[in-house]
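Protein chains in written order, with my numbering: chain R, 115 to 253; chain D, 115 to 253.
These notes concern the structure reproduced below.
2 protein chains.
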Amino acid sequence: MNHAARDVLNHHALRATDGRVRILEALRDAGRPLRVGELHDRLGTDRPDLVTVYRTLDRFVASAIARTVLLADGIRRYEIADQRHQHHLTCTECGRIEPLPFCEFSSLEALALQKHGFRVTDHMLELFGTCRDCAHHPR
Amino acid sequence: MNHAARDVLNHHALRATDGRVRILEALRDAGRPLRVGELHDRLGTDRPDLVTVYRTLDRFVASAIARTVLLADGIRRYEIADQRHQHHLTCTECGRIEPLPFCEFSSLEALALQKHGFRVTDHMLELFGTCRDCAHHPR
DNA sequence: GTTATTGCAAAGCGTTTGCATACCA
DNA sequence: TGGTATGCAAACGCTTTGCAATAAC
């Protein structure tokens with residue numbers, strides 16, 4: 115585990131400091147996009163400074179190790195970028211964020227080009243609603 | 115024009131102060147989502163305080179006169195809410211934001227429910243790319 | 001006249017920067 | 001050893017809050 119993280123850092127020509135390894139692992143373990151503060155909280159005792167987390171995440175994004183995720187609340191979150199472009203289901207009851215394993219927009223992008231002369235290079239889609247658990251156990 | 119704005123405010127049980135009328139008109143005239151600072155700048159001389167713009171926009175959102183728009187940069191923007199739920203094309207070259215007059219997601223929402231037990235109540239979609247003008251006049 | 005709204009100042013919060021120290025390669 | 005990364009403190013920008021003065025109804 116530890117080695118894998120170091121390898122990733124080395125591969126991206128980033129010095130494999132203890133802080134970076136732990137930040138990368140925390141991001142990986144989370145399985146969902148994390149806010150900077152959340153990530154910092156997860157680093158446990160003797161953790162790197164919050165400022166270091168900010169700087170490290172910037173580095174990770176610049177190196178395409180991580181990417182930012184933007185949801186409707188306007189808060190920037192980060193996730194590991196080793197998977198394909200991804201969307202999320204955000205439960206408005208409990209706040210849980212679940213990755214959405216599909217992405218079908220070729221028709222929409224074709225429409226944008228036809229009707230607006232707009233060539234789509236990227237898109238953002240987020241769905242909000244009630245997750246299974248909250249539907250079964252309403253508050 | 116002025117009367118129309120006052121009517122809207124009265125209809126929502128908001129006192130029709132000069133500042134609110136001007137903020138509502140500016141939002142209307144913009145034709146695209148505005149940041150708080152942008153909106154404030156557009157209010158011209160003897161304009162209300164920036165704090166008032168913040169408070170007024172909160173009121174407008176609470177009264178469903180306006181709504182917030184969130185794009186990939188994480189900056190909150192506001193637009194008049196008198197039209198249907200809307201998406202945007204954002205040009206990454208010139209920054210222009212263009213409304214997208216369609217929204218087709220029933221199939222996606224059905225899929226989320228089937229596969230994830232997730233009932234979608236809202237969604238956000240933003241497309242990014244190169245607009246017609248920038249494609250014709252590259253920098 | 002009563003209550004909501006405004007301006008001003010200041011606090012808050014998340015994020016960034018400067019700089020000296022500590023660390024990795 | 002040389003250059004990068006870190007911690008700490010402080011600056012920064014956007015947003016919110018407290019409170020007295022003001023204006024709408």
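All C-beta atoms, glycine included, are put in the ideal place defined by N, C-alpha and C.
Status (buried if at least 16 other CB within 10 Å, exposed otherwise) for arginine 129 of chain R: Note on arginine 129 of chain R: under 16 other CB atoms within 10 angstroms of its CB, so exposed under the neighbour-count rule.
Can you give me the start and stop residues for the beta strand (DSSP E) that isoleucine 194 of chain D sits inside? Counting along the chain, the unbroken beta strand (DSSP E) around isoleucine 194 of chain D starts and ends at 190-194.
Provide the residue(s) that pair with isoleucine 211 of chain D in DSSP beta bridges, ordered along the chain. Looking at the DSSP output, isoleucine 211 of chain D bridges to D:Thr204.
For glutamate 212 of chain D and leucine 141 of chain D, which I take to be in contact (beta-carbon distance under 8 Å), what is that distance rounded to the nearest angstrom? With a Cβ gap of about 17 Å, glutamate 212 of chain D and leucine 141 of chain D do not count as contacting.
Report the option in D:Arg233, D:Thr159, D:Thr204, D:Pro162 whose CA atom is closest to the CA atom of proline 147 of chain D. The residue among D:Arg233, D:Thr159, D:Thr204, D:Pro162 with its C-alpha nearest the C-alpha of proline 147 of chain D is D:Thr204.
Just the C-alpha distance for histidine 201 of chain R and threonine 182 of chain D, rounded to the nearest angstrom, thanks. The alpha-carbon atoms of histidine 201 of chain R and threonine 182 of chain D are separated by roughly 20 Å.
Name, please, each residue of chain D whose Cβ falls closer than 8 Å to the Cβ of glutamate 212 of chain R. Correct list: His230, Phe232.
Would you say cysteine 245 of chain R and arginine 210 of chain R are within 8 Å of each other, going by their C-beta atoms? For cysteine 245 of chain R and arginine 210 of chain R, yes; Cβs fall inside 8 Å.
Does the CB of leucine 203 of chain D have a neighbour CB from chain R at under 8 Å? Interface annotation, leucine 203 of chain D: in contact with chain R, CB-CB separation under 8 Å.
Extent of the continuous alpha helix (DSSP H) run through isoleucine 137 of chain D: Counting along the chain, the unbroken alpha helix (DSSP H) around isoleucine 137 of chain D starts and ends at 132-144.
Under 8 Å by beta carbon: chain D residues contacting arginine 246 of chain R: Per Cβ cutoff of 8 Å: His230, Gly231, Phe232.
Same chain, Cβ closer than 6 Å to glycine 133 of chain D, neighbours up to 5 away in sequence not counted: Cβ within range, chain order: Pro162, Thr166.
Cβ-based neighbour list, leucine 153 of chain D, same chain, cut-off 8 Å, excluding 5 preceding and 5 following: Excluding residues up to 5 positions away in sequence, Ile137, Ala140, Leu141, Ala144, Val167, Leu171, Tyr192 lie with their Cβ nearer than 8 Å to the Cβ of leucine 153 of chain D in the same chain.
Excluding the 5 residues preceding and the 5 following leucine 239 of chain R in the sequence, name in chain order all residues of the same chain whose CB lies nearer than 7 Å to its CB. Within its own chain, the residues whose Cβ lies closer than 7 Å to the Cβ of leucine 239 of chain R, once the five positions on either side in sequence are excluded, are His201, listed in chain order.
From which residue to which residue does the alpha helix (DSSP H) around threonine 170 of chain R run? The continuous alpha helix (DSSP H) containing threonine 170 of chain R extends over residues 164-176.
Determine which residues share a DSSP beta bridge with alanine 180 of chain R and list them. Looking at the DSSP assignment, alanine 180 of chain R forms a beta bridge with R:Ile194.
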